[in-house]
Structure formats: structure tokens, C-alpha cells
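Encoded structure:
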């Protein structure tokens, strides 16, 4: 099975990251620390998982922004690297300062006051955590990338998937003729195991639900 597993990272509060696109086969990790739970940041990381690079990684970015390398924290400088057109497909869309994949002017600044990037056109670039989700350009790219031009999406699951099942089932169904079924994962004393992390000693919460198709018998 190929799927994204979203982890609430209790070890690193600022650990917001995801690989770009599909990497290998099977389970792929997306990490969200305690400080990552803003809609803009969550959508940003999901954008990476479906194949979106940072907007400032575009091959044509030098026409649109300045990068101030001396102001960037050294460990994060690679996030500002320009990629070639073989790596980043702009999908025919112009540079978008409002993209959820666009860093703000002070992202990873050494002192928090000196800008790490600025618009060459005078546009204000807001922080990701304040963004409400995908921009219009992001939506067009998503449709082009996955050839999804329809207006009748499949029925989704409840938005609130943070559920302890103590008071109710949060809209999920169990067994019968339903498409989904409960499945017990490997766990010991409440700690969830996966191919990525070992059992820890720090209490935490499983903040996502991973769905697996139940084969009919």
C-alpha cells in the first residue's frame, strides 16, 4: 500500500516537513510538530507530499525575488536553492507570491529581523501559517499535475480526524458492508510503532487516521 502517514511529532515541536512527491513505495512520513498545526503549514507540507516544491525553488525565481544568503540560518540554506526545469515543473503558471508553498520574507532569518528574501516587484509576502490554504494558482497546478478537472470530488471523510472514540465514533463505521473496517496496529502500552519510529517514552497523541481499503471476501 502507498500512503502518507501524518505524525504528530512530540519530540520536535517545530518539525514541519515532508519529502517532495512520492519517494519509493509504501508508507511515507509527513511530520507535524506542536507548532505546525496551522492550516497554512499543514497544507504546505501536504503540498510537498503531492509533488510541490517551494515557490522560491522555481528556475525563474531570480526574476521575481531577491535571496539574502548571508541572513539565512546555515542549516536551512538548502531550502532556498534554485532548481532547474527538469526538477521543478511550473506547469505553465506564473510565479505566485500568494502560493502556500512560498516562504515569507523572514523565513529562517538568523536574527528574526533581517529578511531572507524579498519581492522584486514590491509585493508583500505573508507568512505561511497565516494563509488560508491553496492559492488560485496552487489549485490550477494541482489540477494540471493530477489531470483532475472535474467538479464532483469523491465523498470525503470527516474533517475532524482527531478522535479518541470515547464519546462517539467521529463518523466512522465499523465492519458490515462498509468500505472501511477497524484494524489493530502494532502497539505496546499505547505507543504506535511504524517503519519510521521506535517506541518512545514521551506521552503523545496519534493525530491522524490512516485508511486502508478493505478487500471484499
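In UniProt numbering, the protein residues as written are 1 to 217. Heads up, the beta-carbon is just placed ideally off N, CA and C, and yes, glycines get one too.
Under three-state DSSP, which class holds residue i?
i: residue 8; result: strand
i: residue 31; result: strand
i: residue 66; result: strand
i: residue 95; result: coil
i: residue 53; result: coil
i: residue 135; result: coil
i: residue 83; result: coil
i: residue 114; result: coil
i: residue 20; result: coil
i: residue 128; result: helix
How should residue i be labelled, buried or exposed, when 16 other C-beta atoms within 10 angstroms of its C-beta is the threshold for buried?
i: residue 111; result: exposed
i: residue 18; result: buried
i: residue 187; result: Low confidence applies here, because residue 187 scores a pLDDT of 48, under 50, leaving its location unreliable; read the following figure in that light. By the neighbour-count rule (16 or more Cβ atoms within 10 Å), residue 187 is not buried but exposed.
i: residue 91; result: exposed
i: residue 55; result: buried
i: residue 42; result: buried
Sorted by chain position, which residues of the same chain lie with C-beta nearer than 7 Å to residue i's C-beta, five sequence neighbours on each side aside?
i: residue 125; result: 97, 102, 104, 105, 119
i: residue 57; result: 81, 82, 83, 88
i: residue 130; result: 40
i: residue 38; result: 129
i: residue 145; result: 51, 91
Would you kindly report the start and end of the unbroken alpha helix (DSSP H) that includes residue i?
i: residue 49; result: 39-49
Whole-angstrom Cβ separation of residue i and residue j, contact assumed at under 8 Å?
i: residue 115; j: residue 68; result: 6 Å
i: residue 65; j: residue 108; result: The pair is not a contact, with the Cβ atoms about 15 Å apart (cut-off 8 Å).
So, for residue i: in the same chain, excluding its five sequence neighbours on each side, which residues have a beta-carbon less than 6 Å away from its beta-carbon?
i: residue 31; result: 7, 9, 15, 17
Given residue i, which residues of its chain have a CB within under 8 Å of its CB, disregarding the five upstream and five downstream residues?
i: residue 47; result: 100, 101, 134, 138
i: residue 85; result: 59
i: residue 113; result: 106
Verify the contact flag: residue i, CB atom, against every heavy atom of the ligand SAM, threshold strictly below 6 Å.
i: residue 143; result: Ligands displayed in this structure: none; no statement on the ligand SAM is therefore possible.
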